[in-house]
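Numbering of the sequence shown is given in my numbering, commencing with residue -2 and proceeding in unit increments.
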Amino acid sequence: MNIVLWVVAALVAAGFLFSGAFKLARPHDKYVAAQPWAADAPRWAPTAIGVLEVLGAIGVILPAAIGVAPVLVPLAATGLALVMVGAVLMHLRRHELPALVPSGVLLILALVVAWGRSGPYAF
């Protein structure tokens, strides 16, 4: 199960690193053109979410990989799950049903890491 959790954590990290970097790398106007939800959000929201996603992606891998403060792994995974709860709720409110799939998958994967690393398979 430890290997499965490492693989799931790697998938979570990759997904959130890509998503966060996309939010941070694009100018606001180009990001809004690619992601219509951002037009209804405050201008700072995509950047703030991008920072949280990149930090969370680092947090689900790095502490355990280097053996320093591995208790941060389930905390980072929980934080990413909360970000995805917000994403799912926002997509539901906007009736963006196809966007629920990636958000829901990342939510479930983050919850699996949070559960596994805070409970039965903690470091």
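Idealized CB from N, CA, C, for every residue including glycine.
Only a predicted model underlies this, so the values are computations on that prediction, with no experimental measurement involved.
**OP:** Return yes when the Cβ of A36 is within less than 9 Å of the Cβ of R114, no when it is not.
**Re:** no
Original post:
Touch check for the segment 17 to 31 and the segment 57 to 70: three-plus C-beta pairs under 8 Å?
Top reply: no
**OP:** Can you have a look at V80 and say buried or exposed, based on whether 16 or more other CB atoms are within 10 angstroms of its CB?
**Re:** buried
Original post:
Start and end of the alpha helix (DSSP H) containing M81?
Top reply: 69 to 90
Subject >> Contact between the segment 71 to 78 and the segment 91 to 100 (3+ Cβ pairs under 8 Å) >> reply: no
Original post:
Is F120 helix, strand or coil by DSSP?
Top reply: coil
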